[in-house]
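Numbering (this note's numbering), first residue to last: 426 to 551.
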């Protein structure tokens with residue numbers, strides 16, 4: 426129980442990317458996976474670089490008058506909804522095309538192929 430005069434420690438602090446990078450890399454490097462679905466915001470993406478060949482970044486946009494716009498205020502909510510939908514799916518995606526097929530059941534989206542330096546990107550529109 427929290428009382429009115431209880432001290433509450435900060436629960437949200439600014440991330441220290443450089444300080445955390447080595448620790449995160451130790452935890453994640455070498456983990457075997459067929460597909461990595463990267464729902465991190467740009468703030469956190471510099472902490473660890475996932476293997477681009479098996480990574481799909483989820484980017485959230487909106488369309489206004491047919492023009493694609495980056496959004497920030499609803500992107501976390503939308504990425505959470507996309508994750509929820511993936512987790513409830515009867516099929517576990519093992520490649521970017523399977524991921525797009527699952528996500529497109531509930532969201533308008535476009536899959537963009539990656540290259541040697543950049544991961545795949547699934548643009549989701551809300």
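For each residue, glycine too, the CB sits at the ideal point set by N, CA and C.
Bear in mind that the values here come from a model prediction, so they are computed numbers and not experimental data.
Q: Give me whichever residues DSSP pairs with residue 486 in a beta bridge.
A: In the chain shown, residue 486 corresponds to position 61, counting from 1. In the DSSP output, where bridge partners are listed per residue, residue 486 has 495, 550.
Q) Along the chain, where does the alpha helix (DSSP H) that runs through residue 527 open and close? A) On the chain shown, residue 527 is found 102 positions in, with the first residue counted as 1. Residues 521-528.
Q) Just how far apart, CA to CA, sit residue 462 and residue 533? A) Counted from its first residue, the chain shown places residue 462 at position 37. Counted from its first residue, the chain shown places residue 533 at position 108. Between residue 462 and residue 533, the C-alpha separation is close to 17 Å.
Q. With DSSP run on the structure shown, which of helix, strand or coil describes residue 479?
A. By one-based count along the chain shown, residue 479 stands at place 54. It is helical.
Q: Step through the CB atoms of chain C and report whether any lies within less than 9 Å of the CB of residue 472.
A: Among the chains of the structure shown, chain C does not appear; only one protein chain is present.
Q: Scan the stretch 427-470 and note each continuous beta strand (DSSP E) run of 3 residues or more that stays entirely inside, going in chain order.
A: Listed in chain order, the beta strand (DSSP E) elements of length 3 or more contained wholly in the stretch 427-470 are 461-463.
Q: Report back the beta-carbon spacing between residue 473 and residue 446 to the nearest angstrom; my notes put them in contact at under 8 Å.
A: Within the chain shown, residue 473 is the residue found at index 48, counting from 1. Within the chain shown, residue 446 is the residue found at index 21, counting from 1. So it is a contact: roughly 7 Å between Cβ atoms.
Q: Kindly list the residues whose CB is nearer than 8 Å to the CB of residue 510, restricted to its own chain and excluding five residues on each side of it in sequence; keep chain order.
A: Locating residue 510 in the chain shown gives position 85, counting from the first residue. Cβ neighbours of residue 510 beyond the five flanking positions: 527, 528, 530, 531, 532.
Q: Check whether the Cβ atoms of residue 485 and residue 525 sit closer than 9 Å, and answer yes or no.
A: Taking the chain shown and counting its residues from 1, the one referred to as residue 485 is at position 60. Taking the chain shown and counting its residues from 1, the one referred to as residue 525 is at position 100. Not closer than 9 Å, so no.
Q: Buried or exposed for residue 489, please, with buried defined as at least 16 other CB atoms from any protein chain shown within 10 angstroms of its CB.
A: In the chain shown, the residue the question calls residue 489 occupies position 64. Burial call: exposed.
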